[in-house]
Structures are given as structure tokens and as C-alpha cells.
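Asks: Numbering-wise (my numbering), the sequence shown opens with residue 849 and increments by one. All residues carry an ideal CB built from backbone N, CA and C; glycine is no exception. Below you'll find the structure I mean.
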Amino acid sequence: MLTQRRLLSILLAVGSIIIFITVLTVFHDSVGLRAHVTHLDDIKKLFGQKQDHNNNSTDTSSLNLETVEFVDHSPNRDPFEVPVSEPEGVLYRAEDVDKRVPATFISLVRNSELEELLESIAQLEAVFNSKFNYPWTFFNDKEFTEEFKEKVQAATSSNCTFVKIAPEDWEEPEWIDRKKAQKLGQKMREDDDVQHANEQSYKRMCRWNSGKFYNHPELDKYHYYWRVEPKTSYFCDIDYDVFAYMDTNDKDYGFVINLYDSPQSVGTLWPTAKEFFQKHPDYVHDNNALQWVIQENRPYHHKLANGYSTCHFWSNFEVGRLDFFRSQAYRDYFDYLDQKGGFFYERWGDAPVHSVALAMMTDKSRIHWFRDIGYHHAPYFNCPRSDKCRGCVPGKFSGPSLGQENCLQEWLKVAGTA
849 MLTQRRLLSI
859 LLAVGSIIIF
869 ITVLTVFHDS
879 VGLRAHVTHL
889 DDIKKLFGQK
899 QDHNNNSTDT
909 SSLNLETVEF
919 VDHSPNRDPF
929 EVPVSEPEGV
939 LYRAEDVDKR
949 VPATFISLVR
959 NSELEELLES
969 IAQLEAVFNS
979 KFNYPWTFFN
989 DKEFTEEFKE
999 KVQAATSSNC
1009 TFVKIAPEDW
1019 EEPEWIDRKK
1029 AQKLGQKMRE
1039 DDDVQHANEQ
1049 SYKRMCRWNS
1059 GKFYNHPELD
1069 KYHYYWRVEP
1079 KTSYFCDIDY
1089 DVFAYMDTND
1099 KDYGFVINLY
1109 DSPQSVGTLW
1119 PTAKEFFQKH
1129 PDYVHDNNAL
1139 QWVIQENRPY
1149 HHKLANGYST
1159 CHFWSNFEVG
1169 RLDFFRSQAY
1179 RDYFDYLDQK
1189 GGFFYERWGD
1199 APVHSVALAM
1209 MTDKSRIHWF
1219 RDIGYHHAPY
1229 FNCPRSDKCR
1239 GCVPGKFSGP
1249 SLGQENCLQE
1259 WLKVAGTA
């Protein structure tokens, strides 16, 4: 009897094994589980995790770019009502020659803009550079005329360099359908009244300022740049070295004006950027400014821009650390955007492209509002309450019809006044 019981037990065990193997085989066929089930991608499949096709082992499902814990670091008083002179931190003066840093002014400009540019140079030299003597670097997609070079050099005692941009850095990349871009641009201009949407040269400028300028060999020797454009005004004396301030105080970027953009011009920018950051969650800084990027203070903008507030640093004035833009993270970001075609099929500007990258990829404390620098580029102002300023009404932003375009308050909620 004992032998029969053992035999029965053995038969039951064998049957169980056969059933188990059969179930496993069916499961194998149904989910496509390969023999090497210990492979990382197979394990991710089995447990419903996303595969990583970019050699990045981070589980992207944990990266939330849709919501954020709201913070409000707004100052107790309107910052334009508070007298201001210079930023806190270590400051160096004109006599601190040994503290100069490798830096240059840069300007992307046409020959036809000479007179307007000369006005900008004269003002910036008067309030700042006559004391610090930083060089100027001018870029153009055409050859600069001799008249242009002679008059610009006469406007400053600093060294001037004039650069013609190579066609391969300026023109549309090979994957862009130019006829499609022209058609979409014209439609955007006519249907949505998006400025410059049908201007090929404007879109090329935005792309170059977004992802090409920092690669030019003429800038290799510099660590910082200050962007200058024609038709700009400077109202306040600047008696400290702005570039040395950026370097000594670990700043990546400085701005004066913070705006909302035309939502129709950037309809797919944030969805594309989100795709990128989901693929590279390690590029997103823990102390980022996502709140500023996705806040819904203007619901119409937020809806048309597919979750993007459209807030951006107005880049006709910007002081930047070139190594931020030269980083692998930013290069990957730009290349990803560039392949999607939005610089030409929409009208992605360099300002929102820079701004989204900065907000997501650097510590927000490394972004500085130069509240003490009085500035105007029509139709917007940055006018501090300071005895160093002349000809600028403190607190003025624009005419009354454009007040809603100011996004500075949303930035202050996120970052305070630092």
C-alpha cells in the first residue's frame, strides 16, 4: 500500500510539473517573453515598465511634468517700489582689472541696422563698458560692409570682431521641407496673426540663437556673453562688473524682462520638451522652475500652448554662462527640438527655447533678475527705483494695453527676487 501511495504521489508531482510547463509556455507565447527573462528590458516588459532605448536606467514613469507643489516666494512689497542700487554678493569695480573674466558682448545684426545698433552701443558704453572695456563680437549671415565695421569700431575703444555665419549653421537643415514651412508660416500669420511667422530670416535667427551661437569658434575663448540688439536703451549707470558678478556668484543666466509669448507660435514646444525630459529625466534639476513653466494664470495661453504658460525671459537682453549652453544636456535638448522642426513649421523663438531649458535644467537660484539695470526694447521696460537711473519711470513696464503680458510676478513666486 505504501508503494502505491508513493507511486500516486510521484504521478501527481509529474502531472503538476507538466501543467506548470504548459502554462509557462502559453504565457511565454502570449507576452513574447524571451528565454533570457533576466534581461532588463524583458523584466520591464513583464512588470509593465517602459523600456529605455537611450541607455538610461531611470524609470521615467516617476517624472511628473504635469503638476507641481505650488510655492509663493513673492516679496512683501512691489520690488519696483523699493529703492535698489546693486545686487547683493561680491562685486568688482573698474579698478579691479585682475578680476575681469573671459566675456564678450554679442550681437546678431544686419548691415541695414547700423544706425540703430550704434545707438545701443553708445548707451551701453556710456553706462557700463567705457569703465570695463569688454570686447564686442558681431555676427551676420552676410559679409559686413566696411562702413559698418569702421563706424562700429569708432563707437567703442574695445576690440571688435566681425563674423560671417556659415550657411550650414544658418539655413534650414536638410530634414526641413521648406515649402511646407513657408505654407504653414503664411497660414499662421494670416489665421493667428503671429508676428514673423512667415519670415524665413526671422526663423533662421531664432534657430541660430537657440542652438548655434555658442558653438562658433570665435566664442571659444569666452565664458560669458551679453546679448545686445539694435533699438535698445539703457537708463542706469552700472558701476560693477556684470560678468564678474555672474562668475563669482555662480549664476548661469541673467534677464531683465519676463514675458508671456504668443501661444500659437509655440503650440508644440512644451509637449516636445516634455518628451525630451521624459527620455532624459537625469537632466531635470531638483530645484527647477517647473511651476513657472506650467502655471495657468492665463488659461487661454496654457490651453493653446498645450500646458505651457508661455512665460519666458526676453532674450534681446540676456547675460549667459556659455558652458550651460555648451553642456551635453543642452546640446541634446536643442538637437531633439531641432529634429522636430518647430523652428520652421511653427515659430519657436530662442527666448522660450532658452527659458524652458533654463527652468528645467539648472538650479533656479542660478538665474538672476537684474532688477537694477534699466532697459527698454519697444514696447517693454525694466525701470528700477534707483538714483543711478535717468529717463525711466520707476515700475513702468509698458503701455496700459500690454500690462497683462508681464510674467515677472509668476517668476518671483517661484524664485523670489534673487
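If we require 4 or more residues per run, which alpha helix (DSSP H) segments fall completely within the stretch 1162-1241?
Replies: The qualifying runs are 1170-1174, 1176-1188, 1190-1193, 1198-1209.
Asks: With H, G and I counted as helix, E and B as strand and the rest as coil, what does DSSP make of Ala970?
Replies: Helix at Ala970.
Asks: Checking 9 Å against the spacing of the C-beta atoms, do Ile1215 and Phe1165 come in under that value?
Replies: Against a cut-off of 9 Å, the Cβ pair of Phe1165 and Ile1215 comes out as no contact.
Asks: So which of Pro1227, Glu995, Asp989, Asp1186 has the shortest CA-CA distance to Ile1024?
Replies: Residue Asp1186 is the option with its Cα nearest to Ile1024.
Asks: Kindly indicate which three-state DSSP category Leu1032 falls into: helix, strand or coil?
Replies: Here Leu1032 sits in helix by DSSP.
Asks: Runs of 3 residues minimum, wholly inside the stretch 939-1026: which ones carry the beta strand (DSSP E) assignment?
Replies: The stretch 939-1026 contains these whole beta strand (DSSP E) runs: 951-956, 984-988, 1008-1012.
Asks: Answer with buried or exposed for Leu956, where buried requires no fewer than 16 other C-beta atoms within 10 angstroms of its C-beta.
Replies: Buried.
Asks: When burial is assigned at 16 or more other CB atoms within 10 Å of the CB, is Lys898 buried or exposed?
Replies: With a pLDDT of only 35 at Lys898, under 50, the local geometry of the prediction cannot be trusted, and the value read off the model is given with reservation. Lys898 is exposed by the Cβ-count criterion.
Asks: Measure how close the beta-carbons of Pro927 and Arg1219 come, nearest whole angstrom, since I'm counting them as under 8 Å.
Replies: Going by Cβ atoms, the distance from Pro927 to Arg1219 rounds to 6 Å, so yes, they are a contact pair.
Asks: Report yes if the C-beta distance between Gln1126 and Leu913 is below 9 Å; otherwise report no.
Replies: Result yes, Cβ atoms of Gln1126 and Leu913 sit closer than 9 Å.
Asks: According to DSSP, is His1064 helix, strand or coil?
Replies: His1064: coil per DSSP, three-state reduction.
Asks: Return the CA-CA distance between Leu1250 and Tyr1228, expressed in angstroms with no decimal places.
Replies: Their backbone Cα atoms lie some 9 Å apart in a straight line.
Asks: Enumerate in chain order the residues of its own chain whose CB-to-CB distance from Cys1240 is below 6 Å, with the five nearest sequence positions on each side excluded.
Replies: Excluding sequence neighbours, Cys1240 sits near Phe1083, Gly1222, Cys1231.
Asks: If you reduce the DSSP assignment to three classes, tell me which class Phe843 lands in.
Replies: Residue coverage of the chain in this structure runs from 849 to 1266, which leaves residue 843 outside it and unanswerable.
Asks: Tell me the residue span of the beta strand (DSSP E) that contains Thr1080.
Replies: Its beta strand (DSSP E) spans residues 1080-1082.
Asks: Any idea if Pro1078 is buried or exposed, counting beta-carbon neighbours within 10 angstroms, 16 or more meaning buried?
Replies: The residue in question, Pro1078, is buried, as its Cβ has 16 or more Cβ neighbours within 10 Å.
Asks: Within its chain, find whatever has a CB closer than 8 Å to the CB of Trp1162; leave out the 5 residues flanking it on each side and keep chain order.
Replies: The residues are Phe1103, Val1104, Ile1105, Asn1106, Leu1107, Ala1199, His1225, Tyr1228.
Asks: To test your reading of the DSSP string, which unbroken alpha helix (DSSP H) runs of 4 or more residues are found completely within the stretch 1087-1171?
Replies: List check, alpha helix (DSSP H) in window: 1090-1096, 1117-1127, 1138-1142, 1147-1152.
Asks: Could you check where the beta strand (DSSP E) with Arg1075 kicks off and where it finishes?
Replies: Here the beta strand (DSSP E) through Arg1075 covers 1072-1075.
Asks: If we ignore side chains and look at the alpha-carbon of each, how far apart do Lys947 and Phe980 end up?
Replies: Computed Cα separation, rounded: 11 Å.
Asks: Give the straight-line distance between the Cα atoms of Ser933 and Phe1182, rounded to the nearest whole angstrom.
Replies: Each residue's alpha carbon lies about 36 Å from the other.
Asks: Could you tell me the distance, in whole angstroms, from the CA atom of Ile1142 to the CA atom of Leu1260?
Replies: Rounded to the nearest angstrom, the two C-alpha atoms are 15 Å apart.
Asks: In the DSSP output, what is Asn1046 paired with across the bridge?
Replies: Its beta-bridge partners do not exist; DSSP assigns none.
Asks: Less than 7 Å between C-beta atoms, sequence neighbours within five positions excluded: which residues of the same chain meet that for Ser1005?
Replies: These residues qualify, in order along the chain: Asn981.
Asks: For the alpha helix (DSSP H) holding Gln1252, just list the boundary residues, first then last.
Replies: That residue, Gln1252, is in no alpha helix (DSSP H); it is neither H nor E in DSSP.
Asks: Just verifying my parser: in three-state terms, what is the DSSP assignment at Ser933?
Replies: If DSSP states are grouped into helix, strand and coil, Ser933 belongs with coil.
Asks: Would you call Pro935 buried or exposed, if buried means 16 or more other Cβ atoms sit within 10 Å of its Cβ?
Replies: Label assigned to Pro935: buried.
Asks: Please return the same chain residues whose Cβ sits closer than 7 Å to the Cβ of Asn1046, not counting the five positions on each side in sequence.
Replies: Counting only Cβ-Cβ distances below 7 Å, and skipping sequence neighbours, we find Gly1033, Gln1034, Arg1037.
Asks: Quick one: what does DSSP say Asn912 is sitting in, helix, strand or coil?
Replies: Correct three-state label for Asn912: coil.
Asks: Is there a Cβ from chain C that is less than 9 Å from the Cβ of Phe928?
Replies: This model lacks chain C altogether, as it is built from one protein chain only.
Asks: Rounded to whole angstroms, what's the CA-CA distance from Lys1236 to Gly1243? Just pull it up for me.
Replies: C-alpha separation (whole angstroms): 15 Å.
Asks: Are the Cβ atoms of Cys1159 and Asp1089 separated by less than 9 Å?
Replies: Cβ distance not < 9 Å, so Cys1159 and Asp1089 don't count as in contact.
Asks: To the nearest angstrom, report how far apart Gly1197 and Pro931 are at their CA atoms.
Replies: Answer to the nearest angstrom: the Cα atoms are 34 Å apart.
Asks: Can you tell me which of Trp1018, Glu973, Val1201 puts its alpha carbon nearest to the alpha carbon of Lys990?
Replies: It is Trp1018 whose Cα lies nearest to the Cα of Lys990.
Asks: Could you tell me if Ala1014 is buried or exposed, where buried requires 16 or more neighbouring beta carbons within 10 angstroms of its beta carbon?
Replies: Ala1014 should be labelled exposed.
Asks: So, at 7 Å on beta carbons, what are the nonlocal neighbours of Gly1115 in its own chain, with the 5 sequence-adjacent residues on each side left out?
Replies: Cβ neighbours of Gly1115 beyond the five flanking positions: Leu1152, Ala1153, Asn1154, Glu1194.
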